[in-house]
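Engineer: Quick one: the structure is below, and I'll ask about it shortly.
2 protein chains.
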Amino acid sequence: MVASGSGGELAFIQNLRALATHPAARGLNDDCAVLELGAETLILTHDMMAEGVHFLARQDPADVAWKLVATNLSDLASKGAQPLGVLLGYSLGGDDARFVAGLVAALAAYDTPLLGGDTIALSDADTGPRTFGLTAIGRATHLPVPSRAGARVGDLLWLTGAVGGAMLGLEALLAEDPDPEHSRAYRRPIPLLAQGQALAPSVTAMMDVSDGLLLDAARLARASGITLTIAKSAIPIATSEARRDEALRWGDDYQLLFTQPPGTEPPVLAHCIGEALVAGDDPIVLDGVPLNEASGLGYQHGPARSAG
Amino acid sequence: MVASGSGGELAFIQNLRALATHPAARGLNDDCAVLELGAETLILTHDMMAEGVHFLARQDPADVAWKLVATNLSDLASKGAQPLGVLLGYSLGGDDARFVAGLVAALAAYDTPLLGGDTIALSDADTGPRTFGLTAIGRATHLPVPSRAGARVGDLLWLTGAVGGAMLGLEALLAEDPDPEHSRAYRRPIPLLAQGQALAPSVTAMMDVSDGLLLDAARLARASGITLTIAKSAIPIATSEARRDEALRWGDDYQLLFTQPPGTEPPVLAHCIGEALVAGDDPIVLDGVPLNEASGLGYQHGPARSAG
Numbered sequence: 071m072v073a074s075g076s077g078g079e080l081a082f083i084q085n086l087r088a089l090a091t092h093p094a095a096r097g098l099n100d101d102c103a104v105l106e107l108g109a110e111t112l113i114l115t116h117d118m119m120a121e122g123v124h125f126l127a128r129q130d131p132a133d134v135a136w137k138l139v140a141t142n143l144s145d146l147a148s149k150g151a152q153p154l155g156v157l158l159g160y161s162l163g164g165d166d167a168r169f170v171a172g173l174v175a176a177l178a179a180y181d182t183p184l185l186g187g188d189t190i191a192l193s194d195a196d197t198g199p200r201t202f203g204l205t206a207i208g209r210a211t212h213l214p215v216p217s218r219a220g221a222r223v224g225d226l227l228w229l230t231g232a233v234g235g236a237m238l239g240l241e242a243l244l245a246e247d248p249d250p251e252h253s254r255a256y257r258r259p260i261p262l263l264a265q266g267q268a269l270a271p272s273v274t275a276m277m278d279v280s281d282g283l284l285l286d287a288a289r290l291a292r293a294s295g296i297t298l299t300i301a302k303s304a305i306p307i308a309t310s311e312a313r314r315d316e317a318l319r320w321g322d323d324y325q326l327l328f329t330q331p332p333g334t335e336p337p338v339l340a341h342c343i344g345e346a347l348v349a350g351d352d353p354i355v356l357d358g359v360p361l362n363e364a365s366g367l368g369y370q371h372g373p374a375r376s377a378g
Numbered sequence: 071m072v073a074s075g076s077g078g079e080l081a082f083i084q085n086l087r088a089l090a091t092h093p094a095a096r097g098l099n100d101d102c103a104v105l106e107l108g109a110e111t112l113i114l115t116h117d118m119m120a121e122g123v124h125f126l127a128r129q130d131p132a133d134v135a136w137k138l139v140a141t142n143l144s145d146l147a148s149k150g151a152q153p154l155g156v157l158l159g160y161s162l163g164g165d166d167a168r169f170v171a172g173l174v175a176a177l178a179a180y181d182t183p184l185l186g187g188d189t190i191a192l193s194d195a196d197t198g199p200r201t202f203g204l205t206a207i208g209r210a211t212h213l214p215v216p217s218r219a220g221a222r223v224g225d226l227l228w229l230t231g232a233v234g235g236a237m238l239g240l241e242a243l244l245a246e247d248p249d250p251e252h253s254r255a256y257r258r259p260i261p262l263l264a265q266g267q268a269l270a271p272s273v274t275a276m277m278d279v280s281d282g283l284l285l286d287a288a289r290l291a292r293a294s295g296i297t298l299t300i301a302k303s304a305i306p307i308a309t310s311e312a313r314r315d316e317a318l319r320w321g322d323d324y325q326l327l328f329t330q331p332p333g334t335e336p337p338v339l340a341h342c343i344g345e346a347l348v349a350g351d352d353p354i355v356l357d358g359v360p361l362n363e364a365s366g367l368g369y370q371h372g373p374a375r376s377a378g
């Protein structure tokens, strides 16, 4: 539950933060709650998706279900967690059978059981956008559980793969591109569960990139109390060089972003894109240019927002 | 996640049920999922509330937040669970500060931390009903965890308190009764957590009464493979004798309904209202009259539905 968006949303989350004093809540500043229970450590997350904001009304409900599962499991991945199951909150009224088909596919792909949930039926007179919620429950595979707050000065910054693919995917979808492969990155993101588990023992900080690389990197920097210097050309992108700046600011790619002490090689394929410096005025320095949330980190939450 | 309502909802839940094969899901036939994890047993539930279905658009958001917490914690109560925390799924756009105030009050009353969640901001153009979701996580205080399925022939059926209070409360709200106490039972239901924990070791089956006493009793009977004979006059009601039949069919009272072997006294205040018989054609026999879901159990899901 990270503030991003309107003033009303920021104010609401500030109010919640005052309420979320339990250490497991991590101040609502992380991807997940981390709750010790006996000898186990639970990892808990709840993400919502709304028509017109996070998906297009005309999208295949099977893709919507997939993405709902994938985005929540991606949060677990960023903690190195193993999924134990999900609970679904579902508003009836679309092609519900297609939604179930996508749910079946996503849960099978990541060997995650459906444990329960709730469905509601709005009245026929209600034509507002439908919203779905999913709670994912996992168990930590490594202690301490990675957070966003652990990066130290001198650590190197790594990214597991290219960004910008979801941007191209949404464009293909909006253009009604007949080849479904062209929109796959947007429709069917892949939660990097195996990578997250492999990385958990060696990272000093980790998160998944959901709202855009630069914005999410700034969050990691703020949480850790450092500044991240990033080399633009080192960032792998899924699009043409001409669109590099856009690719760094679009979301929905679900790569893992993490820091490790210098001299250590990540145990999974990853690209070194920067380094942690002593905190300056701004959380990010991109090719020598300081950037903060008000200047140039960009924000494209749901790319579907503009198309909703 | 229990089927109740439209054909579409029933079909959807049937589809989900085929997917929910993990034993922790309990076939989606129980109030909660029950997941063993190391030496602990997790109790998980997710309930949603929608404007116009579960609450009135003009209701105080603080009451809506309270009820969202209370209904989920009531599910935990029916398992004898101790709450560990909640995750909130929230759609911005009403009096968000009032919602937080109600959340603070409910979580403080039941000593339950907010662990995380998600908020979404629909566009200003969206005027549809808002929906909220809450996931409650608890730990079992007694094994085996009570289910709906454990009632045996000869067991006695008990109810912790009166039904019909929420019916009167909604009516007071609709009539704009100036005394808030008159609508309290509907606005601020009380999850019987302490009672549930005290009862867990001695019950053979237990559930909370959310959709109406007779309908929920029928679910317990079906799950247990017995028929419940119920004496109408033994059921405590919060309304006049003239409205007894209605009180047995309205929901939202959140009493605990449970069975115990004969000859054992419940450890909390409760009223003996019936007995488990060998399964007949119908799940309920009320004052000698057989009743099933198609005849006379009634269904008033969200009393707000008709007022939405």
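Top to bottom, those sequences are chains U and H.
Anchor point for the first sequence: position 85 equals 155 in our numbering, and the numbering is continuous, going up by one each time.
Anchor point for the second sequence: position 191 equals 261 in our numbering, and the numbering is continuous, going up by one each time.
We treat Cβ as the ideally placed atom computed from N, Cα and C, and that holds for glycine.
1. Just to confirm my understanding: we take residue 229(U), look at its own chain, exclude 5 residues before and 5 after, and list those with CB closer than 6 Å. What are they?
2. Taking a cut of 7 Å between CB atoms, which residues from the region 133-167 of chain U lie near chain H?
3. Could you check whether the Cβ of residue 238(H) sits closer than 7 Å to any Cβ belonging to chain U?
4. Could you name the residues of the region 334-350 of chain H whose beta carbon sits closer than 9 Å to any beta carbon of chain U, in the order they occur along the chain?
5. Could you spell out where the beta strand (DSSP E) holding residue 202(H) opens and where it closes?
6. Once DSSP output is grouped into helix, strand and coil, what is the label at residue 365(H)?
7. Apart from the five residues on each side of it in sequence, which residues of its chain come closer than 8 Å, Cβ to Cβ, to residue 224(H)?
8. Counting Cβ pairs closer than 8 Å, one from the region 238-258 of chain U and one from the region 208-227 of chain U, do we hit at least three?
9. For the region 197-224 of chain U, enumerate the residues whose C-beta is nearer than 7 Å to any C-beta of chain H, in chain order.
10. Helix, strand or coil for residue 281(H), going by three-state DSSP, please let me know.
11. Alpha carbon to alpha carbon, how far is residue 247(H) from residue 368(U)? Give it in angstroms, no decimals.
12. Taking C-beta to C-beta, are residue 205(U) and residue 157(U) nearer than 7 Å?
13. With a 10 Å radius around its C-beta and 16 neighbouring C-beta atoms as the bar for buried, classify residue 264(H) as buried or exposed.
14. In its own chain, which residues sit with a C-beta less than 6 Å from the C-beta of residue 255(U), not counting the 5 before and 5 after it?
15. From this set, 183(U), 90(U) and 214(U), which residue's C-alpha is nearest residue 155(U)'s C-alpha?
16. Go through its chain and collect everything with a Cβ distance to residue 304(U)'s Cβ below 6 Å, but skip five positions before and after it.
17. Is it right to say residue 334(U) is buried, meaning 16 or more other beta carbons lie within 10 angstroms of its own, or is it exposed?
18. Just how far apart, CA to CA, sit residue 374(U) and residue 159(H)?
19. Below 8 Å between beta carbons is the criterion; list the residues of the region 170-196 of chain H that meet it against any residue of chain U, in chain order.
20. Can you round the beta-carbon distance between residue 103(H) and residue 321(U) to whole angstroms, since I take them to be within the 8 Å contact cut?
21. Would you list the one or two residues that DSSP bridges to residue 119(U)?
22. Output needed in chain order: residues of the region 104-115 of chain H with a Cβ under 7 Å from some Cβ in chain U.
23. Compare the C-beta of residue 363(H) with all C-beta atoms of chain U and state if any pair is closer than 7 Å.
24. With distance defined between alpha-carbon atoms, name the residue in 167(U), 115(U) and 198(U) nearest to residue 122(H).
25. Taking 7 Å as the threshold (C-beta atoms), are residue 100(H) and residue 218(H) in contact?
26. With three or more C-beta pairs closer than 8 Å as the rule, is the region 288-304 of chain H touching the region 157-177 of chain H?
27. For residue 321(H), go through chain U and note every residue whose CB falls closer than 9 Å to its CB, in chain order.
28. Which one or two residues does DSSP pair with residue 386(U) in a beta bridge?
29. Taking 7 Å as the CB-CB limit, is residue 275(H) close to chain U?
30. Whole angstroms is fine: what's the gap from residue 352(H)'s alpha carbon to residue 106(H)'s?
31. Could you please give me the residues that DSSP links to residue 184(H) through a beta bridge?
32. Whose Cβ in chain U lies nearer than 7 Å to the Cβ of residue 98(H)?
33. Using the C-alpha atoms, what's the distance from residue 169(U) back to residue 131(U)?
34. For the region 280-295 of chain U, enumerate the residues whose C-beta is nearer than 9 Å to any C-beta of chain H, in chain order.
35. Mind reading off the beta-carbon distance from residue 297(U) to residue 355(U)? Whole number of angstroms is fine, and I expect it under 8 Å.
36. Evaluate the contact criterion for the region 129-147 of chain U versus the region 268-288 of chain U: three or more CB pairs, one atom per stretch, below 8 Å.
Structural biologist: So, from the data block:
1. 325, 327, 341 and 343
2. 154, 155, 157, 159, 161, 162, 166 and 167
3. no
4. none
5. 201-210
6. strand
7. 331, 332, 345 and 346
8. no
9. 197, 198, 199, 201, 203, 205, 207 and 209
10. coil
11. 50 Å
12. yes
13. exposed
14. 235, 236 and 239
15. 183(U)
16. 343
17. exposed
18. Confidence is the limiting factor: at residue 374(U) the pLDDT is only 39, short of 50, which leaves the residue's position unreliable, though a coordinate-based value still follows. One C-alpha to the other measures close to 20 Å.
19. 170, 173, 174, 177, 183, 184, 185, 186, 187, 188, 189, 190, 191, 192, 193 and 196
20. About 31 Å; that fails the 8 Å criterion.
21. 202(U)
22. 105, 107, 108, 109, 110, 114 and 115
23. no
24. 198(U)
25. yes
26. no
27. Here the premise fails: no neighbours, minimum Cβ distance about 14 Å.
28. Residue 386(U) is absent from the model: chain U starts at 71 and stops at 378.
29. no
30. 34 Å
31. 156(H)
32. 186
33. 5 Å
34. none
35. 6 Å
36. yes
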